[in-house]
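These notes concern the structure reproduced below.
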Amino acid sequence: MSNVLAFADPAAQDAAQTGGKGANLAALTAKGFPVPPGFVITTAAYDSFIEQSGLNDPIAALLGEADYDDAAAFEQTTARIRSAIVEAPLPPELAADIAARYRQLPDDCYVAVRSSGTAEDLAGTSFAGLHDTYLDIRGTDAVIDAVRRCWASMWTARATHYRRNAGIDHGSAKIAVVIQEMVESDVSGVLFTANPVTADTDQMVINANWGLGESVVAGIVTPDSWVLHSETLEPVERILGNKEVSIVRHPDAAHGTLSRENAAEDRGRFTLADEQLAELGALGRLVQSAYDELPQDIEWAIARGRLYLLQSRPVTGVDLSWDSHVDDWQTLPDHDDAVWTRTWADEQWTGAVTPLFYSWRAEMFTRAYSRCADLWGIPEMKRGRMFKFHKAEAYFHCGLERAIIEHTVFPAFRPGPNVLNHVPPTWHGEILSSPFSIARYLKMHARITAAGDPANTPYAFLKTFDDWFYNRVDEASGLPDEQLRKLSDRALERHVEDLLELEFSFAEQLWAGYYLYARDAFSFLGWMLANWYTGDNPLAFGELLSGTARRTATLQENVELLAFAEEIRGSEQLRTLFGAHEGNAFFTALEESGPGRDFLSRYRAFARANAHRGHAERDIYYPRRLEDPSMDYRAWQTMLSSPEALDPEGNEQRVNARRNAVLAEVVDNIKQRPFGFLRAELFKLVHDWLLKFLIVRDDERYYIDRSTYAAKRAFLEISRRLQERGILGSDRDFQFLSRNELYEVLRRGEATPLVKAKIAGRMRDFDRFVAREAKLPVYLQAGKPVTLTDTDTEGDLTGVGTSHGTITGRARVLHSVEEIGRVQKGDILVTNHTDPGWTPVFLVISGIVLETGGMLAHGSLLAREYGFPAVQIAGATELIPDGALITVDGDTGRVHIETEDEEVEVAEMAEVAR
Numbered sequence: 001m002s003n004v005l006a007f008a009d010p011a012a013q014d015a016a017q018t019g020g021k022g023a024n025l026a027a028l029t030a031k032g033f034p035v036p037p038g039f040v041i042t043t044a045a046y047d048s049f050i051e052q053s054g055l056n057d058p059i060a061a062l063l064g065e066a067d068y069d070d071a072a073a074f075e076q077t078t079a080r081i082r083s084a085i086v087e088a089p090l091p092p093e094l095a096a097d098i099a100a101r102y103r104q105l106p107d108d109c110y111v112a113v114r115s116s117g118t119a120e121d122l123a124g125t126s127f128a129g130l131h132d133t134y135l136d137i138r139g140t141d142a143v144i145d146a147v148r149r150c151w152a153s154m155w156t157a158r159a160t161h162y163r164r165n166a167g168i169d170h171g172s173a174k175i176a177v178v179i180q181e182m183v184e185s186d187v188s189g190v191l192f193t194a195n196p197v198t199a200d201t202d203q204m205v206i207n208a209n210w211g212l213g214e215s216v217v218a219g220i221v222t223p224d225s226w227v228l229h230s231e232t233l234e235p236v237e238r239i240l241g242n243k244e245v246s247i248v249r250h251p252d253a254a255h256g257t258l259s260r261e262n263a264a265e266d267r268g269r270f271t272l273a274d275e276q277l278a279e280l281g282a283l284g285r286l287v288q289s290a291y292d293e294l295p296q297d298i299e300w301a302i303a304r305g306r307l308y309l310l311q312s313r314p315v316t317g318v319d320l321s322w323d324s325h326v327d328d329w330q331t332l333p334d335h336d337d338a339v340w341t342r343t344w345a346d347e348q349w350t351g352a353v354t355p356l357f358y359s360w361r362a363e364m365f366t367r368a369y370s371r372c373a374d375l376w377g378i379p380e381m382k383r384g385r386m387f388k389f390h391k392a393e394a395y396f397h398c399g400l401e402r403a404i405i406e407h408t409v410f411p412a413f414r415p416g417p418n419v420l421n422h423v424p425p426t427w428h429g430e431i432l433s434s435p436f437s438i439a440r441y442l443k444m445h446a447r448i449t450a451a452g453d454p455a456n457t458p459y460a461f462l463k464t465f466d467d468w469f470y471n472r473v474d475e476a477s478g479l480p481d482e483q484l485r486k487l488s489d490r491a492l493e494r495h496v497e498d499l500l501e502l503e504f505s506f507a508e509q510l511w512a513g514y515y516l517y518a519r520d521a522f523s524f525l526g527w528m529l530a531n532w533y534t535g536d537n538p539l540a541f542g543e544l545l546s547g548t549a550r551r552t553a554t555l556q557e558n559v560e561l562l563a564f565a566e567e568i569r570g571s572e573q574l575r576t577l578f579g580a581h582e583g584n585a586f587f588t589a590l591e592e593s594g595p596g597r598d599f600l601s602r603y604r605a606f607a608r609a610n611a612h613r614g615h616a617e618r619d620i621y622y623p624r625r626l627e628d629p630s631m632d633y634r635a636w637q638t639m640l641s642s643p644e645a646l647d648p649e650g651n652e653q654r655v656n657a658r659r660n661a662v663l664a665e666v667v668d669n670i671k672q673r674p675f676g677f678l679r680a681e682l683f684k685l686v687h688d689w690l691l692k693f694l695i696v697r698d699d700e701r702y703y704i705d706r707s708t709y710a711a712k713r714a715f716l717e718i719s720r721r722l723q724e725r726g727i728l729g730s731d732r733d734f735q736f737l738s739r740n741e742l743y744e745v746l747r748r749g750e751a752t753p754l755v756k757a758k759i760a761g762r763m764r765d766f767d768r769f770v771a772r773e774a775k776l777p778v779y780l781q782a783g784k785p786v787t788l789t790d791t792d793t794e795g796d797l798t799g800v801g802t803s804h805g806t807i808t809g810r811a812r813v814l815h816s817v818e819e820i821g822r823v824q825k826g827d828i829l830v831t832n833h834t835d836p837g838w839t840p841v842f843l844v845i846s847g848i849v850l851e852t853g854g855m856l857a858h859g860s861l862l863a864r865e866y867g868f869p870a871v872q873i874a875g876a877t878e879l880i881p882d883g884a885l886i887t888v889d890g891d892t893g894r895v896h897i898e899t900e901d902e903e904v905e906v907a908e909m910a911e912v913a914r
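Dropping the structure here:
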């Protein structure tokens with residue numbers, strides 16, 4: 001192979017010979033991009049030069065004695081290597097080859113001489129700025145001198161250190177040199193086809209300055225900056241840079257550049273017009289497409305109105321995850337000025353979210369909202385997307401929630417529970433005072449009635465749910481695993497979509513009950529208490545909503561689970577096995593004895609009936625009971641931590657009796673007012689409906705979990721096939737593609753480099769979320785965090801009370817459901833959120849502090865059912881030390897962390913009480 005290769009030579013695309021930069025320029029030239037002509041001096045030429053100059057042994061000896069920890073000494077060592085290279089003459093034949101190639105360029109033209117290492121410009125590394133570049137070089141001798149200096153730059157202290165830290169062997173590192181015709185640009189700069197600040201892959205970023213691009217690449221000036229939408233190529237942000245100086249060709253020297261101050265007029269105007277931005281964006285899309293759609297870092301120049309591509313390399317140092325692609329199912333526009341919040345997910349969709357689950361569950365919620373928008377006559381609900389996927393979290397559109405509140409909530413109800421949960425506190429004043437049209441509100445209900453859909457009237461909504469819950473179980477259960485294996489790929493895909501369509505229909509029919517009737521009923525009940533009740537029970541609202549009118553599916557599941565725990569407590573043989581075998585090993589050990597096998601047989605029947613339950617979060621990423629029974633072992637650990645048998649039935653009766661007593665007292669009080677009988681009947685009507693709704697609120701989850709588990713099993717079958725065919729590498733991979741992306745991989749029979757990059761990036765974000773390494777903002781705008789609320793951490797911690805009462809106990813700070821075995825009876829649970837997988841712990845705790853959610857969050861709901869206080873405080877798991885003695889006041893929403901003196905006082909009082 002020749003030591004010197006033109007860009008147009010196919011051999012120049014071999015990065016082992018021409019380095020990352022050289023190979024990229026050769027590939028771009030071959031694809032027809034507007035690359036200035038040039039050639040590459042290969043790595044073999046460098047090796048030959050080092051060998052013929054007798055430098056191998058001296059370089060190895062200097063590296064062998066180098067002290068990497070002594071900066072000054074290390075600089076001296078590497079300087080000796082560089083000097084040896086610069087002073088050595090080129091082999092005559094190599095010098096002749098370079099001179100011949102240079103003469104093939106336009107007569108005696110200026111060129112850029114750039115280093116091109118074999119390890120640079122690769123996805124895992126970034127050698128930008130470590131190896132030298134020389135601009136506006138002219139003449140054969142000057143070119144050859146610049147080549148030697150580029151070779152020597154491989155041995156700068158920085159480059160040598162970087163290779164060592166990156167685990168790259170010095171002996172395997174090679175360097176080529178690119179010689180490229182110099183474009184005397186009017187404007188130049190860089191283009192990122194993904195936003196390196198926000199990591200958004202649906203945005204491009206352009207930086208530009210007058211003159212040569214070195215001023216932008218080297219960070220010498222503050223350039224003009226634009227953010228473009230990748231699809232429309234329209235600017236969504238533009239910032240005028242100071243552009244203090246520009247780098248230009250030296251007018252008085254044979255070669256080289258100089259820095260020149262820009263005129264005030266040039267500093268005060270943008271370097272690019274919108275048409276040029278669009279031309280650059282279009283070039284960026286084409287280049288990215290040529291590199292498997294992987295985002296590119298592009299250097300470009302414009303000279304005499306013509307756009308040139310100077311180089312392209314993969315974007316490095318940015319945690320890309322292609323979150324916008326997870327929203328590939330969306331049909332409504334994504335407005336750049338929209339404000340997004342995670343508070344909706346904190347309450348309704350807890351835990352880390354995989355792209356696969358989001359891509360169907362967010363569509364389900366969106367379709368339900370869209371149907372309500374049509375039914376209610378609120379077109380504002382369809383003017384933008386409801387959800388956005390961001391770093392393993394589902395964000396909710398605050399502006400659309402505001403439209404719903406302002407059009408459907410009476411001003412008197414707006415301060416009520418749950419109404420303003422999902423709009424920023426800085427908006428509350430405007431929302432509370434915004435006008436309300438009663439005529440439009442009445443018209444909305446008239447439209448609902450006229451639509452003739454019984455599911456969208458208050459009581460028919462409850463009956464419709466019962467129909468789904470009791471009569472449509474088989475539909476939600478899906479096909480058995482053995483039948484799934486017999487389906488063709490297309491039939492399997494259709495089966496998944498049928499299951500998801502069932503969930504979509506379920507949500508569409510029940511959405512109005514949740515987000516109109518229940519919301520208004522909560523608000524109306526609170527308003528009636530505030531305006532009609534004159535008694536002396538400030539806790540009446542919470543107590544009226546405590547307990548349940550009948551046992552919910554979740555509570556029944558928990559009672560059955562507790563029965564197994566009490567059976568273990570009462571059996572010496574089972575207790576011994578339980579203590580000796582942790583987690584799933586306990587279930588294996590049960591096979592070894594008669595009582596154990598009998599216990600296991602009954603447990604397995606329970607597990608099959610509740611196979612779809614027990615998981616920590618909604619997402620299908622988390623195992624269900626039938627997949628991992630160790631979750632029940634941990635639950636039993638918690639239950640058995642109590643020294644005496646637990647009595648959920650007795651507690652249920654006590655809470656219900658207290659609720660009924662409070663109801664009787666409140667109703668009797670209201671009857672004393674004018675029109676008291678009518679007021680009391682209306683109060684009882686609303687209260688009764690809410691008690692029925694709270695049962696639906698719990699049982700709904702039990703039903704939807706069933707269909708979700710059926711869909712999960714079908715997706716697992718897709719994953720099994722893709723792994724069996726060698727397309728996906730692990731049993732986690734499929735979860736980190738949207739369902740459309742997953743179907744595309746199944747149909748194409750391959751995972752492209754982009755698919756693999758998406759999986760890796762999204763898995764990284766998900767794992768960071770789970771490990772609590774990522775601190776996701778409460779509010780987002782244009783992909784960036786915005787502060788629209790304040791957090792007060794002075795003195796007592798103040799949040800929102802979600803279940804009444806006051807309790808003092810030890811804080812047990814948990815970050816995942818796997819830790820519930822640490823909880824002791826009487827502890828106060830402090831965690832981010834809870835889900836059905838946490839339910840067993842509610843039998844032993846005395847209070848709960850959550851970081852997220854609201855009145856209808858799972859933890860708050862169960863706290864009211866079990867009759868202990870609950871408070872929501874942002875950042876509670878970081879503000880409250882594990883094991884601290886704390887007092888939780890669910891009525892004021894405050895948590896007091898006891899001092900050492902207060903702890904002693906509490907202990908003394910407890911001793912007196914004993």
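Under full-length UniProt numbering, the first residue of the sequence shown is numbered 1, with each subsequent residue one higher. Note that CB positions come from ideal geometry on N, CA and C, so glycine has one too.
One question on the structure: do residue i and residue j come within less than 8 Å of each other, judged by their Cβ atoms?
i      : j      : result
LEU885 : ARG810 : yes
GLY117 : GLY38  : no
VAL248 : GLY211 : yes
ASP336 : LEU272 : no
HIS612 : ASP536 : no
ARG679 : ILE670 : yes
PHE736 : ARG762 : yes
ILE431 : ILE405 : yes
VAL183 : ALA301 : yes
ALA565 : MET639 : yes
Mark residue i as exposed unless 16 or more other C-beta atoms lie within 10 angstroms of its C-beta, in which case mark it buried.
i           : result
residue 988 : What the structure shows of the chain is the stretch from 1 to 914, and residue 988 is not part of that stretch, so it cannot be assessed.
SER738      : buried
THR366      : buried
GLN104      : exposed
CYS398      : buried
ALA685      : Before going on, a small fix: residue 685 reads as Leu here, not Ala. Answer is exposed; the Cβ neighbour count stays below 16.
ALA910      : A caution first: ALA910 carries a pLDDT of 45, below 50, which makes its placement in the model too unreliable to give a value.
THR793      : For THR793, the pLDDT reaches just 40, beneath the cut-off of 50, and the residue's location in the model is therefore unreliable, leaving the point undetermined.
TYR533      : buried
PHE127      : Residue placement at PHE127 is poorly supported in this model, since its pLDDT is 47, which falls under 50; the coordinates still yield a value, given next. Buried.
PRO425      : exposed
Go to residue i, then tell me how far its alpha helix (DSSP H) extends in each direction, as first and last residue.
i      : result
VAL559 : 553-570
THR588 : 584-589
GLN781 : Per DSSP, GLN781 belongs to no alpha helix (DSSP H); it is in the beta strand (DSSP E), 779-781.
GLY596 : 594-609
With residue i and residue j assumed to form a contact (beta carbons below 8 Å), what rounded beta-carbon distance in angstroms separates them?
i      : j      : result
ILE820 : ARG634 : 6 Å
ALA23  : ALA11  : With a Cβ gap of about 10 Å, ALA23 and ALA11 do not count as contacting.
LEU574 : ILE568 : 5 Å
LEU510 : ILE448 : Actually they do not touch by this definition, with Cβ atoms about 14 Å apart.
ALA176 : ILE144 : Incorrect: roughly 15 Å between the Cβ atoms, too far for contact.
What first and last residue would you give for the beta strand (DSSP E) that runs through residue i?
i      : result
ALA273 : It is not in any beta strand (DSSP E) - ALA273 carries neither H nor E in the DSSP assignment.
GLN311 : 306-314
ALA362 : No beta strand (DSSP E) holds ALA362; the alpha helix (DSSP H) holding it covers 355-376.
Please determine whether the Cβ atom of residue i lies at a distance below 7 Å from any heavy atom of the ligand NAD.
i      : result
ILE886 : No copy of the ligand NAD appears in this structure; indeed no ligand is present at all.
Which runs of the alpha helix (DSSP H), 4 residues or longer, sit entirely within the stretch 683-725? Taking only runs of at least 4 residues, no alpha helix (DSSP H) segment lies wholly in the stretch 683-725.
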